[in-house]
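These notes concern the structure reproduced below.
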Amino acid sequence: MEAQELITRTADFVREKFLHEGSGHDWEHIRRVWQTSRGLATRVPGADPLVTELGALLHDVADWKFHGGDEEAGPREARRWLLSLGTQEEVIQRVETIIREISFKGLGVPTPMSTPEGEVVQDADRLDAIGAIGVARAFAYGGHKGRPLHDPSVPPVQHDSFESYKKNTGPTINHFYEKLLHLRDRLHTPAAREIADERQQFMQAFLAQFLREWEGEDVR
Ligand code: ADP
Ligand code: NI
2 MEAQELITRT ADFVREKFLH EGSGHDWEHI RRVWQTSRGL ATRVPGADPL
52 VTELGALLHD VADWKFHGGD EEAGPREARR WLLSLGTQEE VIQRVETIIR
102 EISFKGLGVP TPMSTPEGEV VQDADRLDAI GAIGVARAFA YGGHKGRPLH
152 DPSVPPVQHD SFESYKKNTG PTINHFYEKL LHLRDRLHTP AAREIADERQ
202 QFMQAFLAQF LREWEGEDVR
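Numbering (my numbering), first residue to last: 2 to 221.
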């Protein structure tokens, strides 16, 4: 199958699968990560367009958060799908590697990407977790899990292991301190860092205003 047809067929498959997902892992998230990845890949020497696009489209195909903590569910589902299209083994393996390495696992846990395509897709995924969209997705996720918006009596936790990060049930505002505010400094590609600057400023302004309103500091 031609590269373009592999991509189109995969996009159709993923769109169909995620269209009705409401926890922030919807098709529109995948579509943005796909689009951003395509843009970043043109500015990253050595990033193969086919592997990048398939990795972006399939990066959340079976997320561990919704599969009982099974980290191999994603790579397995991606392989199954790509095999059904007769994709080359080498391409399948490179896509599996992206999915295996992409997840955030806690502030104290490094998550290096071993390939340029992986760096592009992880950066695109993380850009979608910050800025205005990132704020919206965090509260959508928190709502889905029944978490409070904020609770000043529960301090943010520094997660030093994936196990600890997985068990986290804190209020949504803590997620900003436990993950979102740190993503910009962990981006790999200069192109993504440029985009992140404005999103980071927005997120910081949002938090400052949120905490002001929480305390009623603007009420007089
Ligand atoms: P990503 O797609 O960046 O890998 P995840 O899959 O970890 O992110 O999470 C999907 C979305 O849900 C992200 O926007 C993320 O910030 C948000 N999210 C994940 N865990 C939490 C949490 N504990 N509280 C609030 N939002 C969360
Ligand atoms: Ni994602």
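Cβ atoms here follow ideal geometry from the backbone N, Cα and C, with glycine treated the same way.
All figures in this text were calculated on a predicted structure; none of them were measured in a lab.
Let me confirm a value: residue i is counted as buried when at least 16 other C-beta atoms fall within 10 Å, else exposed. Which label applies?
{"i": "G83", "result": "Residue identity check: residue 83 is Leu in the sequence provided, not Gly. L83 should be labelled buried."}
{"i": "G75", "result": "buried"}
{"i": "R81", "result": "exposed"}
{"i": "K146", "result": "exposed"}
{"i": "S38", "result": "buried"}
{"i": "G119", "result": "buried"}
{"i": "L20", "result": "exposed"}
{"i": "L55", "result": "buried"}
{"i": "L152", "result": "The residue you asked about is not Leu; residue 152 is Asp in the sequence shown. It is exposed - the Cβ of D152 has fewer than 16 other Cβ atoms within 10 Å."}
{"i": "R221", "result": "exposed"}
{"i": "M2", "result": "exposed"}
{"i": "E214", "result": "exposed"}
{"i": "T173", "result": "buried"}
{"i": "A139", "result": "buried"}
So which of the options has the shortest CA-CA distance to residue i?
{"i": "F207", "options": "T116, A133, L55", "result": "A133"}
{"i": "D61", "options": "Q205, T173, A125, I174", "result": "A125"}
{"i": "R33", "options": "V121, H160, M2", "result": "V121"}
{"i": "F105", "options": "L41, H30, Q123, R10", "result": "Q123"}
{"i": "W35", "options": "L86, T53, E90", "result": "T53"}
{"i": "E73", "options": "S85, R101, L51", "result": "R101"}
{"i": "N175", "options": "A57, S115, L86, V136", "result": "V136"}
Grab the span of the alpha helix (DSSP H) containing residue i for me, first residue to last.
{"i": "T53", "result": "50–59"}
{"i": "L224", "result": "It is not possible to answer for residue 224, since the shown part of the chain is limited to 2 through 221."}
{"i": "D126", "result": "117–128"}
{"i": "K180", "result": "Where K180 is concerned, there is no enclosing alpha helix (DSSP H), given that its DSSP letter is neither H nor E."}
{"i": "R100", "result": "Here the sequence assigns Ile to residue 100, which means Arg is not the residue at that position. From DSSP, the alpha helix (DSSP H) with I100 extends over 90–102."}
{"i": "H30", "result": "28–42"}
{"i": "P157", "result": "P157 -> no alpha helix (DSSP H), and no H or E assigned at all."}
{"i": "D13", "result": "4–19"}
{"i": "I134", "result": "132–145"}
Margin query: When you compare the region 94–101 with the region 161–171, are there three or more beta-carbon pairs, one atom per stretch, that lie closer than 8 angstroms?
Written below: no
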